[in-house]
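Asks:
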Amino acid sequence: MPGKEIPESCMNCREAQPAFILRGRHVCQACYVRFVNYKPFKRTENYRLRKNMPQDEPCRLLLPLSYGLSSTVLLHMLHEQIEVMRLKTHGPKGFELLVLTIDPSTISSIPAHDEAFETAEKLFPHCSFTTIPFYSIFDFDPSIGEVMSQYANASFQDQASLSNQERLEAFRASISTATSRADVDNILINRLIVAFAKKMECRGIMWGDSDSKLAAKTLANVAKGRGSSVTWQVCDGMSPYGLEYNFPLRDLFTVELHNYASFFPELADLIIPHQPTSENTLTKNLSIDELMVRYVTTQGEKYPGVMLNVTRTASKLQSSSTRSAEYQCNLCGALMSNKDAASTTPQATGLHSDSLTPRICYACARSRPELSC
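Quick note: the sequence shown uses this note's numbering, first residue 66, plus one each step.
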């Protein structure tokens, strides 16, 4: 069979020469950028136009920046929106963007990447940047020490006399399995980001997760027993923390973000390349999150539409009635009804009554150190 004929001009603008294939269409670079930019542009419309929002108060949004591909690209896109809004003498005031970076060297063995902070401030002058260490969670969320003591096993005791860094390292060391460590780390990072956003009086958080990443997160949460929290962990809307969650890149694939970043060489100095897990790594040494990322990465290249359907299906889910949700999990913040709280009692988990309270959800209870050994 003869191959498909490549058009001589872009299938969108009909002017420039096509250089890329975008979802089955041959397009030029300018149309590619326009298409990718339009997706987050539509998802930030309420904040730009201040729909159903006070017009006389600043609308602050927080963007957690990990220097990964997705969050860096989102920062670039949102900064362009801010530049356009600032050029308009009349009209809505739009939003202010605060950028928070948790020092990656305090989370894992990744280098500090200090030079990127200065580079980002120069590239995006209309944003406010802050960087904090992971262990500053004790400063922004004072109750976390007590929560850790309730959650961890009997051999762990939080000692306030130690430095914050030592306290956090001791708690993380008490968790034995890769899945539980990754799960708890994600929860703590989320709590730190939320606590910072509240302190800065932000209205919402702009998460830089692409469609591929959201698909992996959805599958991982279901596998870990966190299916009930999918409705706010991967979907736009109000979270149990009282902050709006927004995922402007939810309709874009990782490969599309890679292409977008390649059009702007200045982003190369910011982005920390993703280091894929070695194929020789034993599956038992990988967390569920890492397994799902690997699965989505490999299968998403073959069947991108399937991965898109995962997040689209998740966005159609509705959270359980708030009337039946009287409690929040002390650790992850998930809403729990009386029935859910009862299911986490010591009799249900086989744990000692003095080591678990009814305010720990089922998913967090299953990842506790006693059960992760």
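The beta carbon of each residue, even a glycine, is placed where N, CA and C say it ideally should be. Quantities reported herein were computed from a predicted structural model and do not represent experimental measurements.
1) Rounded to a whole number of angstroms, what is the C-alpha to C-alpha distance between Leu162 and Leu332?
2) Would Pro119 be called buried (16 or more neighbouring beta carbons within 10 Å of its own) or exposed?
3) In whole angstroms, what is the alpha-carbon distance linking Arg359 and Asp121?
4) With H, G and I counted as helix, E and B as strand and the rest as coil, what does DSSP make of His144?
5) To the nearest angstrom, how far is it from the Cα of Leu436 to the Cα of Leu253?
6) Considering only residues of the same chain and omitting the five flanking positions on each side of Ile209, which have a CB-CB separation below 8 Å?
7) For Gly398 and Ser136, I'd like the C-alpha separation in whole angstroms.
8) Can you give me the start and stop residues for the beta strand (DSSP E) that Gly269 sits inside?
9) Among Phe182, Ser131 and Gln364, which one has its Cα closest to the Cα of Ile172?
10) Return helix, strand or coil for Glu186, following the three-state DSSP convention.
11) Which residues bound the beta strand (DSSP E) around Ser193?
12) Who are the near neighbours of Ala288 in its chain, counting only those whose CB is closer than 8 Å to its CB and skipping five residues on each side?
13) Hey, could you find the ends of the alpha helix (DSSP H) Thr296 is sitting in?
14) Can you check which of these residues, Met265, His141, Val149 and Phe205, is closest to Thr184 by C-alpha distance?
15) Along the chain, where does the alpha helix (DSSP H) containing His323 start, and where does it finish?
16) Would you report the Cα separation of Tyr200 and Ser226, rounded to the nearest angstrom?
17) Rounding to the nearest angstrom, what Cα-Cα distance links Gly415 and Gly292 in this structure?
18) Mind checking whether Phe376 and Leu279 have CB atoms under 8 Å apart?
19) Can you tell me whether Ile270 is buried or exposed? The criterion is at least 16 other CB atoms within 10 Å of its CB, across all chains shown.
20) Pick helix, strand or coil for Pro157, following the three-state DSSP scheme.
21) According to DSSP, simplified to helix, strand and coil, what is Ala407?
22) Can you tell me where the beta strand (DSSP E) holding Leu382 begins and where it ends?
Replies: The relevant details are as follows:
1) Taking the Cα positions, Leu162 is about 18 Å away from Leu332.
2) Counting Cβ neighbours within 10 Å, Pro119 comes out exposed, since fewer than 16 surround it.
3) Each residue's alpha carbon lies about 46 Å from the other.
4) Annotated three-state conformation of His144 is helix, per DSSP.
5) Any reading at Leu436 must be qualified, since the residue scores a pLDDT of 49, below 50, and its modelled position is unreliable; the value itself is stated next. Rounded to the nearest angstrom, the two C-alpha atoms are 19 Å apart.
6) If we look at Ile209 and ignore the five residues flanking it on each side, its Cβ neighbours are Ile202, Phe203, Leu253 and Arg256.
7) Each residue's Cα considered, the two are about 24 Å apart.
8) For Gly269, the enclosing beta strand (DSSP E) covers residues Gly269 to Met271.
9) Nearest C-alpha to Ile172 among Phe182, Ser131 and Gln364: Ser131.
10) In the three-state DSSP reduction, Glu186 falls in the helix class (H, G or I).
11) Ser193 to Ile197 is the span of the beta strand (DSSP E), which, as asked, contains Ser193.
12) Hits under 8 Å: Ile353 and Met357.
13) Val295 to Gln298 is the span of the alpha helix (DSSP H), which, as asked, contains Thr296.
14) Among Met265, His141, Val149 and Phe205, the Cα nearest to that of Thr184 belongs to His141.
15) Its alpha helix (DSSP H) spans residues Thr319 to Ser327.
16) Going by the C-alpha atoms only, they are around 14 Å apart.
17) With a pLDDT of 37 at Gly415, under the threshold of 50, the modelled position of this residue cannot be trusted; read the value that follows with caution. Those two C-alpha atoms are separated by around 23 Å.
18) What sits at residue 376 in the sequence shown is Thr, not Phe. A contact, by the Cβ cut-off of 8 Å.
19) Buried: at least 16 other Cβ atoms inside 10 Å.
20) Looking at Pro157 - three-state DSSP - the assignment turns out to be coil, as it is neither helix nor strand.
21) Note that Ala407 scores 44 on pLDDT, short of 50, meaning its location in the model is unreliable; the coordinates nonetheless yield the value given after this. In the structure shown, Ala407 sits in a helix (DSSP, three-state: H, G or I).
22) Where Leu382 is concerned, there is no enclosing beta strand (DSSP E), given that its DSSP letter is neither H nor E.
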